[in-house]
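Some notes on the structure that comes next.
In this note's numbering, the protein residues as written are 12 to 85.
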């Protein structure tokens, strides 16, 4: 199981940002780096680490970093 810190580190890596730039309550659209490539990277992460198959449309409905973290539950 991933810790909260590991989830934030994974999101920071996907967005190519520093860990301290990632806040749980941040709105994803506020991150210039949150684009189709980041969404595909997040889908790949969910598949590889958690065995979850999700569609881009599902990810686009998410609004905050916390929403991404919640998707990263096993």
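Note that beta-carbon positions come from the ideal geometry of N, C-alpha and C, so glycine has one too.
DSSP bridge partner residues for residue i (one or two, in chain order)
i          : result
residue 75 : 38
Same chain, Cβ closer than 8 Å to residue i, neighbours up to 5 away in sequence not counted
i          : result
residue 28 : 42 and 44
residue 38 : 74 and 75
Own chain, CB closer than 7 Å to residue i, minus 5 neighbours either side, in chain order
i          : result
residue 77 : 35 and 36
residue 22 : 33, 76 and 79
residue 53 : 25, 70 and 79
residue 30 : 19, 20 and 23
residue 13 : 83
Local conformation of residue i per DSSP, three classes
i          : result
residue 65 : coil
residue 32 : helix
residue 44 : coil
residue 84 : coil
residue 27 : coil
Near the ligand FMN: residue i beta-carbon under 6 Å from a heavy atom
i          : result
residue 77 : Inclusion of the ligand FMN in the displayed structure is not the case, the ligand content being empty and no account of it being possible.
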